[in-house]
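Asks:
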Amino acid sequence: MSTHPMRKHVGLFGFLVIIALIPLSLNMRSKDKEGEDNRLVGSELSPEFKDYWYQGKAEVSSYELEQSHYGEVHPGEAILIFVTEDFSKAAQIKLDYPDEAGSDAVSVLKLNLVKKFQTGIYDYSILQSTFTPVDVQNHPNTLKVTTSTQEWCGHTFTQLNWQKGKYKLQSHSYFESEGDQKLQIDCQPAGR
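Here's what the structure looks like:
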């Protein structure tokens with residue numbers, strides 16, 4: 516029986532699910548200089564928040580990455596891109612015409628996390644997009660998380676959608692043991 520490194524994929528799906536769930540547990544809360552809680556109340560946003568996040572620009576941060584994979588640590592690069600977008604609660608996609616969407620539109624803070632690293636001769640690229648409403652008082656749960664992984668043997672794609680008090684998960688993988696999957700994750704809405 517072969518012990519080729521590419522056979523060590525069993526935990527890949529679990530890894531992607533865990534990575535995708537991390538943003539779901541985060542609570543968008545900050546403290547000002549006096550320690551006052553700046554959590555959003557209803558849809559009231561501070562002028563500083565609006566000035567920073569609604570100027571039509573993205574915040575981009577780049578980091579050196581140390582990625583553990585196949586029992587070894589590999590150097591790489593991680594880039595985080597934060598931007599606000601108008602998002603459809605029903606279709607869970609970016610709205611091209613938010614003014615026409617009415618109450619279906621919700622403002623989200625999108626995070627695109629890009630990770631690139633190499634294991635031996637294999638190049639890996641991971642992109643995760645997380646869509647979390649800015650108004651956490653009325654929309655306390657992240658609405659959507661997508662993760663795609665590309666490497667020389669193939670690619671995987673995982674998507675979580677918040678619908679009716681559950682996360683619906685779809686996963687597609689080139690590995691036989693993972694294949695195509697659909698699951699539901701029952702959970703309580705955040706903050707309730």
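Using this note's numbering, read the sequence shown as starting at 516 and increasing by one per residue.
In this text, a Cβ means the ideal position worked out from N, Cα and C, and glycines have one as well.
Since this is a predicted model, take the numbers as computed values, not measurements.
Count the other CB atoms within 10 Å of the CB of L698; is the residue buried (16 or more) or exposed (fewer)?
Replies: L698 is exposed by the Cβ-count criterion.
Asks: Using only CA atoms, which one of S692, S576, T673 lies nearest to Y682?
Replies: Looking at the Cα atoms, T673 is the closest of the given residues.
Asks: By the DSSP assignment, the alpha helix (DSSP H) with W568 in it spans what residues?
Replies: Counting along the chain, the alpha helix (DSSP H) containing W568 begins and ends at 562 to 568.
Asks: According to DSSP, simplified to helix, strand and coil, what is G591?
Replies: The answer is strand: DSSP assigns G591 an E or B state.
Asks: Is the separation between the beta-carbon of N656 and that of S644 shorter than 8 Å?
Replies: No, these two residues do not count as a Cβ contact at 8 Å.
Asks: Hey, how far is the Cα of Q633 from the Cα of H589?
Replies: So the two alpha carbons sit approximately 7 Å from each other.
Asks: How do the stretch 607 to 621 and the stretch 571 to 579 stand: do at least 3 beta-carbon pairs fall below 8 Å, yes or no?
Replies: In short, these stretches do not touch, since the Cβ pair count stays below three.
Asks: How would you label E587, buried or exposed, when you count the other beta carbons within 10 angstroms and need 16 or more for buried?
Replies: When all chains shown are included, E587 counts as exposed.
Asks: In three-state terms, what does DSSP make of D638?
Replies: Here D638 sits in strand by DSSP.
Asks: Cutting at 6 Å between CB atoms, please list the residues of its own chain near W568, excluding the five before and the five after it.
Replies: Answer for W568: T599, listed in chain order.
Asks: When the Cα of T664 is compared with those of F690, L624, K565, which residue comes out closest?
Replies: Out of F690, L624, K565, F690 has the C-alpha closest to the C-alpha of T664.
Asks: With respect to the beta strand (DSSP E) encompassing E579, which residues constitute its N-terminal and C-terminal limits?
Replies: E579 -> beta strand (DSSP E) spans 574 to 584.
Asks: If the criterion is Cβ atoms closer than 8 Å, does the pair V649 and V623 meet it?
Replies: Cβ distance < 8 Å, so V649 and V623 count as in contact.
Asks: Which stretch, first to last residue, makes up the beta strand (DSSP E) that contains W677?
Replies: Looking at the DSSP string, the run of the beta strand (DSSP E) that includes W677 is 669 to 678.
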